[in-house]
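J.:
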Amino acid sequence: MDTLSIRAQNESKNITPLLKNFILVQQNPYDDELNPNGVCNCGVAENYLCENELISKLQSIQIWKGNHMYYPYSTGELSLRQASCKFFQKLFQLNYQLDPERMVISSGLSGIISLLGYLIGDIDDVFLISSPYYTAFDHDIAALANCAIFRCPSLEQDSGKFLFSVEIFKRGYYEAINKGLRPRGIIIVNPHNPTGDIYDEQTIQPILEFAAEKTLHVIFDEVYALSIFENEKPFQSIFNYTSIIDPERTHFIWSFSKDFALSGFRLGVLYGGSKELCSSGAAVNFIQIPSVIIQDIAAVLLSDQQWVDSYIKLNRLRLTQQYKKVKKIIEDMDNRIYVRPAKAGFFIWADCRLLLHEVTFEEEIHLFQIIFEHGVYLVSGSFLGCTQPGWFRIIFSVKEKWIDEILKRLKSGLDAYRQSTIASRA
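Numbering-wise (our numbering), the sequence shown opens with residue 49 and increments by one.
1. Can you grab the Cα-Cα spacing for the pair residue 105 / residue 311, in whole Å?
2. Within a Cβ cutoff of 6 Å, which residues of the same chain sit near residue 86, ignoring the five residues on either side of it in sequence?
3. Would DSSP call residue 265 helix, strand or coil?
4. On the DSSP bridge list, what partners appear for residue 466?
5. Does residue 78 come out as helix, strand or coil in the three-state DSSP assignment?
6. Answer with buried or exposed for residue 439, where buried requires no fewer than 16 other C-beta atoms within 10 angstroms of its C-beta.
7. Output the residue ranges of the beta strand (DSSP E) runs that lie fully inside the region 195 to 230 and measure 3 residues or longer, sorted by chain position.
8. Sort 357, 463 and 231 by Cα distance to residue 308 and report the nearest one.
9. For the region 401 to 421 and the region 54 to 63, state whether three or more C-beta atom pairs, one from each stretch, are separated by less than 8 Å.
10. CB-CB under 7 Å to residue 216, same chain, minus the five flanking residues each way: which ones, in chain order?
11. Would residue 241 pass as a contact of residue 247 if the rule is Cβ separation under 7 Å?
12. Do residue 414 and residue 457 have their CB atoms nearer than 7 Å?
13. Counting only the same chain and skipping the five closest in sequence on each side, list residues whose C-beta sits under 8 Å from that of residue 28.
14. In whole angstroms, what separates the C-alpha of residue 462 from that of residue 352?
15. Using only alpha-carbon positions, find the residue among 288, 244, 108 and 253 that is nearest to residue 280.
16. Which class does residue 169 belong to by DSSP, given the choice of helix, strand or coil?
17. On the criterion of 16 or more Cβ atoms from any shown chain inside 10 Å, does residue 470 qualify as buried, or is it exposed?
18. So residue 25 and residue 231 are supposed to be a Cβ contact under 8 Å. How far apart are they, rounded?
19. Under 7 Å, do residue 320 and residue 150 count as touching if we go by C-beta distance?
20. Could you check what DSSP says for residue 255 in three-state terms: helix, strand or coil?
21. Extract the residue ranges of the beta strand (DSSP E) inside the region 63 to 121, only unbroken runs of 3 or more that lie entirely within it.
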């Protein structure tokens, strides 16, 4: 290990369970034809439900230009920034124009978070986030910026409510201060991962007011903005808010990975609070800017408004149908499992506390390990910073033809957990 820097050694030691398990599952992924004994991945938030339609559309985009052979523009190709601005203007029905000069394209949402942390945070600054949350943020905010995440637990987790309000950030802010840390910003994930909740302007405005009072940046991660279930109210983006008290410290981020199921494109979008912030990130972003051809393909895709409209409608329909189907099967599998109702996203947020012999994180991990041994990877709540043991996040947006195999293995894992405990007590 003496060939590695101290930083690299620490990175390998401190890798988050999410990333560690993702790498492990990638080495042996399930496929009904190519690898039927592999691990079924219900832990990584990817969406396969419109795969055929996306493949067909992408195959129809036959473009090759001379400029594809050369270096990209460091804040993103103008064609994609312009197409993205028009896309968001129509999607959120805005009555004003977005400015491409306030937009940066980077390598997925991870690249955007890493870049934004570098631009607005100094070494050892912390960013407040409600927990449970997508804990890969820990890596993203630290990798380039050397900042850290500070968890602000949502309220009444023991009753399954996971209440989100300004109070959790006030509490977190003063806890961080008392520990000698400097809060620099707040990250709001809306729609939320893993609960699938959607927060309205009335809930978020007090948070914006508190952030302005403390001169904190607020980062709105709306990566699931299009992945709303049918019959839910239209999603209210930060772009739709009637007022933003500190616009220069308010930032919007999104990517193609979730709503367009194109995680392999590695395309993230930042709409920054100012042109200056975006232009100052040009040099740093050059090390992680996506290729020109990928950006041009995405620009062409977004510009086909008729196709985009039909895709969004179809995707919402299939997400809704599969969520209801998987939710019912899991609840019928064992009536002690409670699936907390969601409004968006790819997640079953399941309360399995009644299955555990003891409601402890040790037993939660024990159940996780047995399910994994039966060929299903899901995410335990402790990996997501949940303060209450017994919760699990299960991704339901897998290929439909894999659902039966996944649920069969899951049931076998639950049965094995039950039997192994009985045997140990005998």
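Even glycine gets a Cβ: it sits at the ideal position worked out from N, Cα and C. All values derive from a computational prediction rather than experimental measurement.
T.: Judging by the given coordinates:
1. The residue given as residue 105 occupies position 57 in the sequence shown. The residue given as residue 311 occupies position 263 in the sequence shown. Their Cα atoms are separated by approximately 16 Å.
2. Taking the sequence shown and counting its residues from 1, one reaches residue 86 at position 38. For residue 86, the CB contacts under 6 Å within the same chain, skipping 5 residues up- and downstream, are 76, 77 and 78 in chain order.
3. Walking along the sequence shown from the start, residue 265 turns up at place 217. Note: residue 265 maps to strand in three-state DSSP.
4. Position 418 of the sequence shown, counting from 1, holds the residue named residue 466. DSSP lists no partner for residue 466.
5. Translated into the one-based positions of the sequence shown, residue 78 becomes position 30. Coil.
6. Translated into the one-based positions of the sequence shown, residue 439 becomes position 391. Counting Cβ neighbours within 10 Å, residue 439 comes out buried, since at least 16 surround it.
7. 196 to 201
8. For the purposes of this step, residue 308 is taken as residue 260 along the sequence shown, with counting starting at 1. Looking at the Cα atoms, 357 is the closest of the given residues.
9. The answer is no - the region 54 to 63 does not touch the region 401 to 421, with fewer than three Cβ pairs under 8 Å.
10. As a working note, residue 216 is residue 168 in the sequence shown. Hits under 7 Å: 178, 200, 201, 202 and 203.
11. Translated into the one-based positions of the sequence shown, residue 241 becomes position 193. Translated into the one-based positions of the sequence shown, residue 247 becomes position 199. Not in contact: residue 241 and residue 247 (Cβ atoms no closer than 7 Å).
12. Position 366 of the sequence shown, counted from the start, is the residue given in the question as residue 414. Position 409 of the sequence shown, counted from the start, is the residue given in the question as residue 457. No, the pair does not count as a contact, with Cβ atoms beyond the cut-off.
13. With the chain covering only 49 through 474, there is no way to say anything about residue 28.
14. Residue mapping note: residue 462 aligns to position 414 of the sequence shown, counting from 1. Residue mapping note: residue 352 aligns to position 304 of the sequence shown, counting from 1. Linking residue 462 to residue 352 through their CA atoms gives a straight-line distance of about 46 Å.
15. Position 232 of the sequence shown, counting from 1, holds the residue named residue 280. Checking every option, the nearest Cα to that of residue 280 belongs to 244.
16. Residue mapping note: residue 169 aligns to position 121 of the sequence shown, counting from 1. Coil, per DSSP.
17. One-based indexing of the sequence shown puts residue 470 at position 422. With a pLDDT of 48 at residue 470, under the threshold of 50, the modelled position of this residue cannot be trusted, and the question is left open.
18. It is not possible to answer for residue 25, since the shown part of the chain is limited to 49 through 474.
19. As a working mapping, residue 320 is identified with position 272 in the sequence shown. As a working mapping, residue 150 is identified with position 102 in the sequence shown. Yes, they are a contact pair.
20. Translated into positions along the sequence shown, residue 255 becomes position 207. Three-state result, residue 255: helix.
21. Listed in chain order, nothing qualifies, since the region 63 to 121 has no complete beta strand (DSSP E) run of 3 or more residues.
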